[in-house]
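Numbering (the working numbering), first residue to last: 3 to 502.
Note that beta-carbon positions come from the ideal geometry of N, C-alpha and C, so glycine has one too.
To start, the structure under review is shown below, and the notes come after it.
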Amino acid sequence: MKSTRALIIIIASLIFVGASLFSGPKVNAIVQPAACLSDYNLDGIVNIGDFNVFAQHYRQDLYDCSKDIVGGNCKLDIVDFQALASVYRTQQCRNTAENRGFVLKVDPAFSESKLPESMKIWHQRLINSFTNVSVYPNPYTAAASRDAYTLGRTVNNHQTALLAALRATGDPAILAEIDRIMEIARSTLADVHPECSTFNLCAEQQDGYLNWTWLHDPQSSLFGSDTHQMDEMLTHSMVASAAYAFFVNKDFDQKYLDHANFWIDYLENHFETKIRTRKNNSTAITFIDENLTHPYIQFARFDYYMYKMTGKAKYMDDYKKREKVAKEKIFITRILPAGEAFVWEHRMPWIYNTAGQIVNGGAVWLGCQSTSYSVYTFGGTLDLELENAPFYRDSLVKEKFSRTMSNLIIPNNAVISTILTPDVCGGVTVPGEGISSTGSDDDNFGRTIIWTHVGQSIWDKSDKLKTLFTTLYTTDESNQNIPKQIFIPAYMLAVERVRN
Ligand SMILES: [Ca+2]
Ligand SMILES: [Ca+2]
Ligand SMILES: [Ca+2]
């Protein structure tokens, strides 16, 4: 204790020097500095409480890399200290409409009039969509479906886009909309769903654990089950992400504390426990998996947010596994004239052996991920980018994902009628990458109006994507003030946030 106190005193005196060296004239800075990652308790100011956390971990290798501030080295060193000092006791980390990075905490004093000019119009459009009965895809009927396929895809994409808009604005109305949709889904949870009788699954399902069910294909033997691995993963990644938004706003409104507590309990003591019990697996770090890239990547959201909400090491351990596989195996860099982009396989054959090494588990390669399936991979990666989660927080990583969209999926000189390339490899096999283009998708660019890909505009410095999507919006929405499709307004709020 004595040494910790001495360290605090030494560093505190350094902060005084550091603050005078690094603070500078940033009072009116609009986007939060990266150093605001040192606001560990998310209360909008870096002060002594955050500093104590910093001091406790100073010069240690961090278990929780999200505590790292700068350098991406998972360690708090002098460079991190200088970053912390640069925002110490300043107002730069306040999560206000004028001064905001990408944080989930709402601004209690939010007003559209405080947003930068270029964001106001997209904000108005997004809010108007909440009362549009023609909204497509309809998130309310999707949330009421009880169907893990629909929850994991339609609701997941929708909520992920709203979470990006919430991060960009801090508008409590967007958090309320996310909650409204989650409450619809919550109302359909049950121990047993009637469709379980189709394939005699009712006895198994009647275990006291709440679940949704899988209703996508009445011919499939998984119809009426609660064990569709991929869709259980996609669904519960979304649930954890929404729950975390309630969790960080638990002081704003009692109902968010209550709802966060409900979902945390549901996720660990119903969903997770159900799967572990069925598989007789009480201890392995990974309790559910599927060797396709999109659920594998999406489930890192479950791990990350569950770790942030519960502090339980099992979640961060699983996150670290997924992060390592993503970084070392899944996302392969391709060098393009415009810069570096990522390409990746649809199948994810990588597993850990008993020695803790990543090895090819032998699953058959399927080729580059098709453009339409990449909706779910991009939903996961972008959410983790905005959260500044390890690996995804790296600005070069963000730009590489963005170029996959701007320079591989979208052909050069594209206009809104252009057919997209069939896969994330741009329909091209490059020898040496170890994966091949086999895609046959022939989606029109117009399809992206309901895709998470719109969010790739955020880090596209060329503004090619922003230009294409805003053109698509004006062409496709018959009433631009009251949109039917939320993806462009939601993600354009994030696009404009980094450009102001
Ligand atoms: Ca703080
Ligand atoms: Ca560091
Ligand atoms: Ca059950």
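Three-way DSSP call (helix, strand, coil) for N213 in this model: strand
Which residues in the same chain as K4 place their Cβ atom closer than 7 Å to its Cβ, once the five residues preceding and following it in sequence are excluded? Unreliable placement is indicated for K4, whose pLDDT of 47 sits below 50; the coordinate value is still reported in the next sentence. Result list for K4: empty, nothing under 7 Å.
Determine, using beta carbons only, whether I180 and A244 come nearer to each other than 8 Å. yes
Are the Cβ atoms of Q458 and Y378 separated by less than 8 Å? no
Using the C-alpha atoms, what's the distance from S88 back to L23? Caution applies to L23, whose pLDDT of 39 falls short of 50 and renders its modelled position unreliable; the value that the coordinates give is listed next. One C-alpha to the other measures close to 8 Å.
Give me the Cα-Cα distance between S68 and A57, rounded to the nearest whole angstrom. 15 Å
Does the distance between the C-beta of G364 and the nearest non-hydrogen atom of ligand 2 fall short of 7 Å? no
Backbone secondary structure at G341 - three-state DSSP: G341 falls in the strand class under three-state DSSP.
Nearest by alpha-carbon distance to S419: which of T450, Y317, S222, P118 is it? T450
Of all the options L191, N251, S189, which has the alpha carbon lying nearest to the alpha carbon of D45? N251
Should G364 be labelled buried (16 or more other beta-carbon atoms within 10 Å of its own) or exposed? Exposed, because fewer than 16 other Cβ atoms sit within 10 Å of the Cβ of G364.
Can you grab the Cα-Cα spacing for the pair D52 / I71, in whole Å? 12 Å
Residues in the same chain with beta-carbon distance under 6 Å from R96, minus the five sequence neighbours each way, listed in chain order, please. Leaving aside the five residues that flank R96 on each side, the residues in its chain whose CB is nearer than 6 Å to its CB run, in chain order, G46.
C-alpha gap between P339 and I412, whole angstroms: 15 Å
Below 8 Å, can you find three or more Cβ-Cβ pairs linking the region 129-145 to the region 202-214? The region 129-145 makes no contact with the region 202-214; the number of CB pairs closer than 8 Å stays below 3.
If you draw a straight line from the C-alpha of V497 to the C-alpha of A167, how long is it? 10 Å
Given 7 Å as the limit, tell me if D82 has its C-beta closer than that to any heavy atom belonging to ligand 1. no
Since L236 and G172 should fall inside the 8 Å C-beta cutoff, what is the C-beta to C-beta distance between them, to a whole number of angstroms? No, L236 and G172 are not in contact; Cβ-Cβ is about 27 Å, not under 8 Å.
Excluding the 5 residues preceding and the 5 following H238 in the sequence, name in chain order all residues of the same chain whose CB lies nearer than 7 Å to its CB. L269, F273, F304
For Q58, verify whether its CB is less than 7 Å away from any heavy atom of ligand 3. no
Write down the C-beta distance between Y151 and H218 rounded to the nearest angstrom, noting that I regard them as a contact closer than 8 Å. Between H218 and Y151 the Cβ distance is about 4 Å, and since that is below 8 Å, they are a contact.
Proximity test, L78 beta-carbon vs ligand 2 heavy atom, cut-off 7 Å: yes
Whose C-alpha, out of K402, L422, V345, is nearest the C-alpha of V432? V345
Just how far apart, CA to CA, sit R91 and D41? Roughly 10 Å between the two C-alpha positions.
Which residues mark the beginning and the end of the beta strand (DSSP E) in which N362 is found? 360-362
Would you list the one or two residues that DSSP bridges to T143? DSSP lists no partner for T143.
Compute the Euclidean distance between the alpha carbons of V29 and Q94, then round it to the nearest angstrom. With a pLDDT of only 29 at V29, under the threshold of 50, the placement of this residue in the model should not be trusted; the figure read from the coordinates follows. So the alpha carbons of these two residues sit roughly 7 Å apart.
Using 10 angstroms around the beta-carbon of A205, count the other beta-carbons present and answer buried if the total reaches 16, otherwise exposed. exposed
Looking at the unbroken beta strand (DSSP E) that takes in I353, where does it start and where does it end? 352-354
For G20 and S480, what's the separation of their Cα atoms in angstroms? Residue placement at G20 is poorly supported in this model, since its pLDDT is 41, which falls under 50; the coordinates are not used for a value here.
Quick check on the burial criterion: 16 or more other C-beta atoms within 10 angstroms. Buried or exposed for T295? buried
Rounded separation between N49 and E234 - CA only: 40 Å
With DSSP as the reference, label E479 as helix, strand or coil. coil
To the nearest angstrom, report how far apart Y307 and D260 are at their CA atoms. 17 Å
Looking at T454: is its Cβ nearer than 8 Å to the Cβ of N159? yes
Compute the minimum distance between the beta carbon of D465 and the heavy atoms of ligand 3, and state whether it is under 7 Å. no
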